[in-house]
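Participant: In full-length UniProt numbering, the protein residues as written are 1 to 109.
Don't be surprised by glycine CBs; every beta carbon is placed ideally from N, CA and C.
Pasting a structure below so you can have a look.
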């Protein structure tokens, strides 16, 4: 995560079922919900003016840290989150068992 984003607070806007990260008066967010006893991450959105600045990555990292802090499991339904988890397998420990197969290597013929 870029140093300038580390100290920004992650807001859990539970009324809207989304985590929010405000940068330069613009808010990136990740929609979530409770599913099967885990926290399902549905969609991540970064405003155009923040794209390419590492805001999406910072949001994912902050959300994963929050899920771990809460001792919850994760259901990664958002393609951005799934892509992040494939590049950072150390976070796959949070993925609910039924969804772990998404991160297993394909069997070789």
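(1) Just list the residues that DSSP pairs residue 26 with in beta bridges.
(2) Quick one: is residue 73 buried, meaning 16 or more other Cβ sit within 10 Å of its Cβ, or exposed?
(3) Under 8 Å, do residue 28 and residue 63 count as touching if we go by C-beta distance?
(4) Jot down the residue ranges of each uninterrupted beta strand (DSSP E) in the segment 59-103, minimum 3 residues, whole runs only, in chain order.
(5) To which residues of the same chain is residue 117 closer than 8 Å at the C-beta, ignoring the five residues directly before and after it?
(6) Should residue 18 go down as buried or exposed, given a rule of 16 or more other Cβ atoms within 10 Å for buried?
(7) So is residue 91 buried or exposed if we call it buried at 16+ other beta carbons inside 10 Å?
Facilitator: Here's the rundown:
(1) In the DSSP output, where bridge partners are listed per residue, residue 26 has 23.
(2) Per the 10 Å Cβ criterion, buried.
(3) no
(4) 74-76
(5) The displayed coordinates of the chain run from 1 to 109. Any statement about residue 117 would go beyond what the structure contains.
(6) buried
(7) buried
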